[in-house]
Every structure is written in structure tokens, then in C-alpha cells.
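Step one of this worksheet: look at the structure below.
In the numbering used here, the protein residues as written are 43 to 417.
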């Protein structure tokens, strides 16, 4: 690559009123023209001719130097073009600022910092106010509903408008409570009572009559009953004799009875038979009252059939087993419903008779309550 020669700079003419300054760059011609032996008066003459001669000498000296520089540059080998280095700033580089507290990211020598936790999303204030209002409304509604429910539950159902239940035929029995046990005697179905004996007074285990009940025409309140009297309830002489023999082979301790009459003409009779142990009562129950198909028939209901209205799950109420039957048509002396109960050492018989049709609801109610007292 051919190196370009810069233009020669023009020699600046000396000002007319100023003598040229003596320099070490004066040409040899000048030195010959001004020998050392000349007087100072000749060297310092300030004439137009002298100034013109000095200017010519200076121009000749500059021309000589220019030619020498051009010759030197042309004699050098051509160098490939290189990009000019970036201009260096005249000012010294500014050192990095020392990291200040709270700015770990500005210190290049600081250890890496864990990523910052994401900021929680901003929730619009209107949404916050809306959620707050709905929360307060829900709390007020829940409180009002709770107070209303408590007020309704504290009142009798029949006193609440719209919730009164029509009478379904149930009788108003008094509040029931279990009779006290002799001191040190366990309940009939406790683990310590292997024989399942009811130690309470047998008459106290009889269901009390409803509030509107009247006296029974044949039973005078609550009393004891002889085994022969209970056997007399059977339909035929053969069945009465067979039951009397069963009492002899299955030791019977006592029989308690209770009866009443309701205003609609329904009569109720309840009998409780206590045996020596629960195993004896179970054996007689299976043999005489239907579970083995050899049940006895009552004189008031010679022909009976299973009560289809009795729920199957009520076949056992607590610890009490139940067998519920109803008289089959044609009726003899009105309609009769009956139930046999087995509870440990006690067997029970519940009989309800109505001149036309013994209602199902009060009969089932009576059986359930009597079972609860025994179990």
C-alpha cells in the first residue's frame, strides 16, 4: 500500500517589523553569510534586504527539512493499515465506588445474593372492601340464624306457627325413669351380671299408664299374678296345661301385671314374668312364644299373623328381643294386637284390644317404651 505524502506546509513570512529569531535550525548558508568574525553591527542591521535574505534562508531551511522527512518515509516498507486505537482520555480512570451498606449488588466482589422473594400481588382496594362487606354480612346472617334457631328450639313444637305436628295417635306417657337397684347389685346386662338378672322390683319395671288412662275393667291397677292365672290367658285347655308344665320345668319366680283403659275404648294389659336366670327365660321364650313355631294363642286373639307395620330393625331394641303380631280376620271380641318381649331373666307380654280396630301407632309406642324399661 503506497503511503501518501502530506502537503508541504507553507513557510510563514516574517512580520515586517520583527527581526527573525535565531534558531538552531538555520541553514549552513546562513552560517557562511554570518561568520563569527563579523561585527554585531553588521549582523543586527535592520534593512529590507536583510529581512528578505533572512526569510529566504528560513524558507530554504524548511524546504530542506521537508525533503529529508519525505525521503525517510518513502524508504520505509509499507505497513498494513491498522485500525486506530481508541482515543485515550486525558483524565485518569475513575475507580469503582466502594459498595455502601444496603447495596450488595453494587459490589462486584460481594458473594452472590439469594433471589429476592416475589412480592405479593396487589389487591385492589375495591375488592378488599367488597370482601369485607360480604364477610360482615355473612357473620351477621349466621348470628341471626343461630339466635332464631335457639328461640324456636326452646319453644314447644305445637307453639311454633307452621311447625305444629298433627296428632298421630300417640299417647301422653309420663316421663320414664329406671327403678333404683339394691345396693351392690349390677344392672341386668352388665359384665358382672352373667345371669342377666333384673334385681329391681318387677312391678317398678311395668310401663306406667298414660295421663288420660282410666281403670281396667278386670285388672285392679298393679298387682301380682299367679302362674295359673297367666296360663288362663291361653285359648284352649290343652295350651293352658302345656304352659303350666313349662312353668314347672322352667323355674318361674313371679309375675307382675298392669292394665288400663283409654277414652277411645282401647284396653291395655302388660305382664312381666321373671325366671331364675336369663338362660331359663330364653329357653321358655323359644319354646312357647313363637320363635320355634310352637307359639301359644291367646283367648282374645285365637288367630294371629306377623305385624307387617312393625319395622324389622325393631326386632331387637337395645338388649330386648321382640315378636310382634296382630289378630287375623275375622275378629272375635274386637281387634287385638300383641307383642312378646325377652330381656334377660324377664319375659313380657303386651296386649291391646279395641272394639273395632286397635290403632297401630299407640300400640307400637307402648311396646317400645316397655322394651326401654327392660333393656
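Heads up, the beta-carbon is just placed ideally off N, CA and C, and yes, glycines get one too.
- [ ] Please go through the same chain and pick out, in chain order, the residues whose beta-carbon is closer than 8 Å to the beta-carbon of residue 305, but skip the five residues on each side of it.
- [x] 254 and 256
TODO: Hey, could you find the ends of the alpha helix (DSSP H) residue 108 is sitting in?
DONE: 90-117
- [ ] If I'm right that residue 246 touches residue 216 with Cβ under 8 Å, what's the distance once you round it to whole angstroms?
- [x] In fact, because the Cβ distance is near 14 Å, the residues do not count as touching under 8 Å.
Task: Residue from 386, 270 and 91 with nearest C-alpha to residue 236 - done: 386
Task: Sub-9 Å separation of residue 212 and residue 353 beta-carbons - done: no
Open item on the list: Considering only DSSP beta bridges, list what residue 317 is partnered with.
Closed with: 294
Task: Three-state class that DSSP yields for residue 402 in the structure shown - done: helix
Open item on the list: Closest to residue 376 by C-alpha separation, out of 356, 391, 343 and 300, would be which residue?
Closed with: 343
Task: residue 308 versus 408, 318, 394 and 94, residue with shortest Cα-Cα distance - done: 394
Task: Residue range of the unbroken beta strand (DSSP E) whose run includes residue 269 - done: No beta strand (DSSP E) holds residue 269; the alpha helix (DSSP H) holding it covers 269-273.
- [ ] Figure out for me which residue from 371, 298, 209 and 169 has the closest Cα to the Cα of residue 249.
- [x] 298
Task: C-beta atoms of residue 367 and residue 402 nearer than 9 Å - done: no
TODO: Can you give me the start and stop residues for the beta strand (DSSP E) that residue 373 sits inside?
DONE: First-last for residue 373: undefined, no H or E at that position.
Task: Span of the beta strand (DSSP E) around residue 264 - done: Element bounds for residue 264: n/a, residue is neither H nor E.
Open item on the list: Let me check one thing: in DSSP terms, what residues is residue 179 bridge-paired to?
Closed with: Residue 179 pairs with nothing; no bridge assigned.
Task: CB of residue 398 within 9 Å of CB of residue 338, strictly - done: no
Task: Separation of residue 390 from residue 319, as counted between CA atoms - done: 15 Å
Task: Contacting residues, own chain, Cβ-Cβ under 7 Å from residue 274 (five flanking each side not counted) - done: 282
Task: Cα-Cα separation between residue 382 and residue 365, rounded to whole angstroms - done: 5 Å
Open item on the list: Quick check on this structure: which residue in 357, 240 and 359 has the alpha carbon closest to the alpha carbon of residue 314?
Closed with: 240
TODO: Use the C-beta contact count for residue 243: other C-beta atoms within 10 angstroms, 16 or more gives buried, fewer gives exposed.
DONE: exposed
- [ ] Can you grab the Cα-Cα spacing for the pair residue 296 / residue 328, in whole Å?
- [x] 19 Å
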